[in-house]
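Enquirer: Residue numbers (the numbering used here), protein chains in the order written: chain A, 5 to 258; chain B, 13 to 354.
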């Protein structure tokens, strides 16, 4: 257990050291989400009615949740590169704790996720987003957000291990996760959707998560959203972490 | 670093006491089989490697060399058969086995975004060293392998030869008693190749056991104490380089004739220099000479006296193709690399 923790930290450190050396990745973390915020706030925002909230206030929690779920693409692409370059073989031939390669990757994602969430938040504050909550609730929201992002890093870890190229890893992630984020309360009120979609949106983990963020940051009625988001996150982690680790054990060079 | 030093280090870091290699052969393998779909990548491989020696696993692309290495380093589970490395079973004692081995391969598996120093430090820490100990060991190795100047540059700026050296160095971080080198010189220029050979030779002088896979007979000949020839997943010959070369026969003489019409007469004149029937291919008479010494002079004299014109002639050392021709009756077949590099 101690070895697992130590090895996880070594791998996480490795993934963070390389970050400032890949400017393209940094742009993906910062510029792209800002673009999305501006696009939604100013292009679509005027046409979407969000009773009780300004659209900026409604949007920021939604777009931060969407963005955090995609933070795992670094893990997917990175793992796939490690596989095709034979680095995974090296790790697997070392007397290290085997889950550490994945755990280190996903842990490093927490740092990059925090970074990109802060960039989004600052952008939001500049264009008019305002918290309506105490500091504890704001921090609790941030913690829940990072936990949710961590669970999705494990989903992306699996994508990275099963597909044949780094490009495929990120596009599979996009195809699977992107629609999930849109059929949720992230960008429009669920009530505005047709029945079938609305049913799906109401059980979608993204809806629970976005509603929980609105409850914690804007003082919206929480209902069961915070518990729901927490349970969904634990469930996603409980399924994808062991599946990814077992897949890693069998991973082979392409 | 000595093995004893390694154990002390682990004790200092509070890690579990590393196992020491058990007595007996460094590698034993019996009846190893591994299939990928319909392809039997290895099909009943038996090996035994004595401690402190180099075994060369010689074969063409797709013969199953890499699969053997992957099974012995616990990266793949064999479908059947059994194997031990340093006395540890590949199936039931994987964790202890991995403390005894270093693996370097044709992929130069280093993180290109990390510097040489960071790469080696990372590997050292994953072997359980403290950060400072791992760093010290990294500098030691970088100096020894002529990489100290490049220590703080990202590995992606390294040349192919440097990258391969860094990869080999990473396998040596914990000073493992058993080293697996999977085609360590494939794709290297001749100078880097010879430099790497010298490195490998110095390692074995220190008592390290090496299993080396290669497609080159000259590489196996130079480095290996014993050579196992592998083809279609089976070991088809096994012996010292000299034994193997005896089976392949001597060197090949090739005489390019000015007039292809002289072929029959030339063959008649040269047949007494060989034990096999000379052949005429691509405008040249080809034969395996019994004795290398004087073969060229003798061939020239015989043909000159008969007034047969020679455009070119030369002696060729046996290659992997010749080994396969001699052992299997067919040339080394390169299979679809996509399905065999597993």
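Every residue gets a Cβ at the ideal spot worked out from N, C-alpha and C, and that includes glycine.
Quantities reported herein were computed from a predicted structural model and do not represent experimental measurements.
Exposed or buried, which one is residue 250 (chain A) when buried takes at least 16 other CB atoms within 10 Å?
Expert: Flag for residue 250 (chain A) reads exposed.
Enquirer: Shorter than 9 Å from the beta carbon of residue 17 (chain A) to some beta carbon of chain B?
Expert: Cβ-Cβ to chain B under 9 Å: yes for residue 17 (chain A).
Enquirer: Does DSSP put residue 269 (chain B) in a helix, a strand or coil?
Expert: Reduced to three states, the DSSP call for residue 269 (chain B) is strand.
Enquirer: With H, G and I counted as helix, E and B as strand and the rest as coil, what does DSSP make of residue 287 (chain B)?
Expert: Coil at residue 287 (chain B), not helix or strand.
Enquirer: Between residue 173 (chain A) and chain B, is any beta-carbon pair separated by less than 9 Å?
Expert: Not an interface residue.
Enquirer: Name, in chain order, the residues that DSSP records as bridge partners for residue 69 (chain B).
Expert: Answer is B:225 and B:240.
Enquirer: Are there 16 or more other CB atoms within 10 angstroms of the CB of residue 58 (chain A), so buried, or fewer, so exposed?
Expert: The residue in question, residue 58 (chain A), is exposed, as its Cβ has fewer than 16 Cβ neighbours within 10 Å.
Enquirer: Within this structure, are the beta carbons of residue 75 (chain B) and residue 239 (chain B) separated by less than 9 Å?
Expert: Contact: no.
Enquirer: Check whether the Cβ of residue 137 (chain B) lies closer than 9 Å to any Cβ atom in chain A.
Expert: It does; some Cβ of chain A falls within 9 Å.
Enquirer: Spell out the partners DSSP gives residue 249 (chain B) in its beta bridges.
Expert: Looking at the DSSP assignment, residue 249 (chain B) forms a beta bridge with B:241.
Enquirer: For the alpha helix (DSSP H) containing residue 82 (chain A), name the first residue and the last one.
Expert: 77–88 is the extent of the alpha helix (DSSP H) around residue 82 (chain A).
Enquirer: Shortest alpha-carbon distance to residue 253 (chain B) belongs to which of B:45, B:36, B:145 and B:330?
Expert: Of B:45, B:36, B:145 and B:330, the residue nearest in Cα terms is B:330.
Enquirer: In chain order, what residues of the same chain lie with their CB nearer than 6 Å to the CB of residue 204 (chain B), ignoring the 5 residues before and after it?
Expert: So the list reads 173, once near-sequence residues are dropped.
Enquirer: For residue 160 (chain A), does the three-state DSSP call read helix, strand or coil?
Expert: Here residue 160 (chain A) sits in helix by DSSP.
Enquirer: So that I know if they touch, is there some Cβ in chain B lying closer than 9 Å to that of residue 94 (chain A)?
Expert: Taking Cβ atoms only, chain B reaches closer than 9 Å to residue 94 (chain A), which makes this a yes.
Enquirer: Measuring CA to CA, which of B:139, B:294, B:260 and B:47 is closest to residue 272 (chain B)?
Expert: For the residues B:139, B:294, B:260 and B:47, the minimum Cα distance to residue 272 (chain B) belongs to B:294.
Enquirer: Within 10 angstroms of the Cβ of residue 190 (chain B), are there 16 or more other Cβ atoms? Answer buried if so, exposed if not.
Expert: It counts as buried.
Enquirer: Suppose contacts are defined by Cβ-Cβ distances below 9 Å. Is residue 126 (chain A) in contact with residue 214 (chain A) by that definition?
Expert: It is not a contact, given that the beta carbons lie outside the stated cut-off.
Enquirer: Here's the rule: buried if 16 or more other CB atoms are within 10 angstroms of the residue's CB, otherwise exposed. What is residue 239 (chain A)?
Expert: It counts as exposed.
Enquirer: Should the stretch 50–67 of chain A be called in touch with the stretch 162–169 of chain B, which here means at least 3 C-beta pairs below 8 Å?
Expert: No: fewer than three Cβ pairs fall under 8 Å.
Enquirer: Which residues does DSSP pair with residue 301 (chain B) in a beta bridge?
Expert: In the DSSP output, where bridge partners are listed per residue, residue 301 (chain B) has B:286.
Enquirer: Quick check: what's the CA-CA separation for residue 249 (chain B) versus residue 170 (chain A)?
Expert: If I take the Cα positions, the gap works out to 41 Å.
Enquirer: Who does residue 296 (chain B) pair with in a DSSP beta bridge?
Expert: Residue 296 (chain B) is bridged to B:268 and B:293.
Enquirer: Using a threshold of 9 Å, state whether the C-beta atoms of residue 115 (chain A) and residue 83 (chain A) are closer than that.
Expert: Result no, Cβ atoms of residue 115 (chain A) and residue 83 (chain A) do not sit closer than 9 Å.
Enquirer: Are residue 39 (chain B) and residue 84 (chain B) touching if we call contact CB-CB under 9 Å?
Expert: Against a cut-off of 9 Å, the Cβ pair of residue 84 (chain B) and residue 39 (chain B) comes out as a contact.
Enquirer: Given a cut-off of 9 Å, decide if residue 53 (chain B) and residue 47 (chain B) are closer than it, judged by their beta-carbon atoms.
Expert: Yes, the pair counts as a contact, with Cβ atoms nearer than the cut-off.
Enquirer: When the Cβ atoms of the stretch 120–130 of chain B are set against those of the stretch 146–154 of chain B, are three or more pairs found closer than 8 Å?
Expert: The stretch 120–130 of chain B vs the stretch 146–154 of chain B: in contact.
Enquirer: By DSSP's criteria, residue 55 (chain B) is part of a beta bridge. Which residues make up the other side?
Expert: Per DSSP, B:45.
Enquirer: Using a cut-off of 9 Å between C-beta atoms, extract the partners of residue 54 (chain B) located in chain A.
Expert: Result: empty, since nearest Cβ-Cβ is about 14 Å, beyond 9 Å.
Enquirer: Can you list, in chain order, the residues of its chain whose CB lies under 7 Å from that of residue 110 (chain A), leaving out five sequence neighbours each side?
Expert: Here the set comprises 79, 154, 157, 158 and 161.
Enquirer: As a quick exercise: from A:124, A:88 and A:11, pick the residue whose alpha carbon is nearest that of residue 43 (chain A).
Expert: The shortest Cα separation from residue 43 (chain A) among A:124, A:88 and A:11 belongs to A:124.
Enquirer: Counting only beta-carbon separations shorter than 9 Å, does residue 192 (chain B) have a partner in chain A?
Expert: Yes - at least one Cβ of chain A is within 9 Å of the one on residue 192 (chain B).
Enquirer: Rounded to the nearest angstrom, what separates residue 316 (chain B) and residue 229 (chain B) at their Cα positions?
Expert: Straight-line Cα distance between these residues: approximately 34 Å.
Enquirer: Using a cut-off of 8 Å between C-beta atoms, extract the partners of residue 254 (chain B) located in chain A.
Expert: Within chain A, no residue comes near residue 254 (chain B); the closest Cβ sits about 33 Å away, beyond 8 Å.
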